[in-house]
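Numbering (our numbering), first residue to last: 682 to 1208.
Next comes the structure, spelled out in C-alpha cells:
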C-alpha cells in the first residue's frame, strides 16, 4: 500500500499540477532515452534513476505512483531523478514527466531487470535454438518485457540508442537472445513477478571493447594490448592503408562481376579500415556505443557469455575479465550487483593426446574470476558441439545460469548453483587422491561407467591419459602405470575434452588443473 504523502510531497505535487497548466515555448522540448519508454520495467526494491534532457536550467518534475521528484537540467541539458524503491507489481502504471514539454510513459511495471551481455553465444536468438518452434509457442508473456540495444562501435560516448521495450510474444521472442530469454522466463514463472531483459550482446566481441577506454589506458596491466591497438589504429588511418583498401575493393568488384556473369557466388569483399575501427574488438568501442546509453538504469544484475575472442590471450583474461566486472559495477553505482557468466563450451575436434589448450586456459581464467563477490559460473563443458562454435542447446545453458540467481539472490532453498570444483590433491604412492567441493550429493559418471577426462604427469611434465575411479562422495583416485611418481593432474584440459564426471544433480565437474605450470598464453615479457 502507498503511505500518505508527507507535507513536502504534497507541496511538490502541487508544484507539479501547476507546471502542467503552464504555457510552454514551442522551441523547447523534453527528451527521454529509449531505455526509459513505454512498457519498461523498473527494478523492484531499489531506487531507480530516471533521466533525460531539456533546455539547460529547466526545472523537471517526475511523478510515479504518488512520488514526485524534481531536478534541474544542467549546462549540458541532462537531468536525473531517483524514484524511491517500490515492490514488484503487475499493475501497469505511468510515469509523468514535466519540463519544457510533457511526456507520459505508460504501461510501466515493477519487477526484476537483468542485462544479457557477451558475444554471439549470448546474442544467438531463440530462433537458433534446437527447440525454437516449441519454445516460441510457449512465449506469450505480456509481463516479460524485452529491449535490444543496437550494435554501435565508436570511441565517442553515446547517450541514446534506437530501440523500444516490448511485451514478449511468440514472434518477437524469436529475435531475442535465447539464453537471455529463457533465463528471464524462468525468473518470471518461478518468482511470479514482471521481468525486464536488456539484450546488448555483440558477436565476436573482445572483452576490452566492453570497458571504458580511458580506464584501460590508465591500468599498466593492459599496456601491451593498448599499445598494440594504438599502433594498429595509426596504420588503419594511414593513406597507405586506405589506398590498399581501394585497390582491393576495385579488384573485388571485378571478380564479383565475373562471378555474377558466370552464375557463381561472388567472393567476400575486403574489410575496410573504417569497419575495423568501428568494430567489436577495438578497446572501448562497445562500452561507448552500447553500454553507455544504458548506464545507470536500475537492474538486478548481468548474465554474460563471452570469451572465445579472448582465448588467445587467456592469461590476460584472468585480469581483464574481473577488471571489466569491477569497472561496470563502479560505473553503475549500485554496488556489487550479481554477475553470472557461462564458461566456454567444448568445441572443435577431440584430441588424441593430452596437452595444452588456450581454451582450457581461458576456462581457468573464467573460474578464477569467482574470487569476486556476487559472481557465479555456469559450466557447460558437456553442452557444446564439435562442429559449431554456437551450440544450439541454449535452454540448458539458461537453466544452469538461473540456478545462481535463484539460490543467491532470491532465497530459493535447496538449489545448488555451482558445479563440483577441485579442492585438494594428495599423492599416495603412485596415485593422486583428489577431493572436491559443491558435490551436491556426490559424484557420478554419465554416458558410460568409466571415469573419463583425466591426465597425469610426473616431474618430466609429460602428460598421459590416466585411469580414474570415484572412491567416495567427494573423492576420485587418479593414476597411470606409465607414471610411477605423479606430481600433477588435469581434468577436461582441452578445447573439446572427453569428460564425464557430474554431480548427482547433473552439473558437470569444473575443468581444472592441480599444477601451476606456465600458461601457454602468457606473454614472454609478462611478470
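Glycine residues also receive a C-beta, built at the ideal position from the N, C-alpha and C atoms.
Just so we're clear, the structure is a prediction, and the values are computed from it rather than from any experiment.
Item, Value
"Inter-residue spacing [alpha-carbon to alpha-carbon] between residue 767 and residue 896", "34 Å"
"Residue from 746, 1161, 1131 with nearest C-alpha to residue 786", "746"
"Pairwise C-alpha distance: residue 1174 and residue 1032", "10 Å"
"Member of 1160, 956, 1192, 925 whose CA lies at the smallest distance from the CA of residue 1047", "1192"
"Close beta carbons around residue 1040, own chain, < 6 Å, minus the five adjacent residues each side", "992, 1025, 1176"
"Residue 818 burial status per 10 Å Cβ neighbour count (16 or more: buried)", "exposed"
"8 Å CB neighbourhood of residue 1195 in its chain, flanking five on each side removed", "1103, 1106, 1113, 1115, 1169, 1170, 1171"
"Residue 1212 (DSSP reduced to helix, strand or coil)", "There is simply no residue 1212 to check, as the chain begins at 682 and stops at 1208 in what is shown."
"Under 7 Å between C-beta atoms of residue 802 and residue 1004", "no"
"Span of the beta strand (DSSP E), counted from its first residue to its last, around residue 1021", "1020–1023"
"Sufficient close CB pairs (3 or more, under 8 Å) joining the stretch 869–884 to the stretch 1010–1021", "no"
"Best match in 1125, 714, 952, 887 for proximity to residue 995 [C-alpha to C-alpha]", "887"
"3 or more residues per run - each beta strand (DSSP E) lying fully within the stretch 761–806", "770–779, 783–799"
"Under 7 Å between C-beta atoms of residue 894 and residue 964", "yes"
"Paired residues, beta bridge with residue 982 - DSSP", "795"
"Under the three-state DSSP convention, the category residue 1155 falls into", "coil"
"Close beta carbons around residue 712, own chain, < 6 Å, minus the five adjacent residues each side", "733, 734"
"Touching by the beta-carbon criterion (3+ pairs, under 8 Å), the stretch 719–726 and the stretch 787–797", "yes"
"Every unbroken beta strand (DSSP E) inside the stretch 1118–1182 [3 residues or more]", "1124–1126, 1135–1138, 1148–1153, 1156–1160, 1169–1172"
"Beta strand (DSSP E) runs wholly inside the stretch 986–1068, at least 3 long, in chain order", "1020–1023, 1056–1059"
"Residues bridged to residue 1105 [DSSP beta-bridge criterion]", "1116"
"Per-residue burial, residue 871 [other beta carbons within 10 Å of its own, 16 or more giving buried]", "exposed"
"Check whether residue 891 and residue 968 have beta carbons under 7 Å apart", "yes"
"Short Cβ contact (7 Å threshold) for residue 839 with residue 974", "yes"
"Assumed close pair residue 804, residue 883 - CB separation to whole angstroms, cut-off 8 Å", "7 Å"
"Coarse secondary structure for residue 853, derived from DSSP in three states", "helix"
"Member of 1088, 1119, 842 whose CA lies at the smallest distance from the CA of residue 829", "842"
"Rounded separation between residue 796 and residue 1007 - CA only", "16 Å"
"contact_flag[the stretch 1114–1131, the stretch 1094–1103] where n(CB pairs < 8 Å) is 3 or more", "yes"
"Nearest residue (CA-CA) to residue 1036, options 1200, 778, 948", "1200"
"CA-to-CA distance, residue 1064 to residue 948, given in whole angstroms", "34 Å"
"Cβ-Cβ separation, residue 927 to residue 1001 (assumed contact under 8 Å), whole Å", "Not quite, the Cβ-Cβ distance comes to about 35 Å (not below 8 Å), so this is no contact."
"Beta bridge counterpart(s) of residue 734 as assigned by DSSP", "712, 759"
"Paired residues, beta bridge with residue 828 - DSSP", "879"
"Reduced DSSP category for residue 722 - H, G, I as helix; E, B as strand; rest coil", "strand"
"DSSP-derived helix/strand/coil call for residue 814", "helix"
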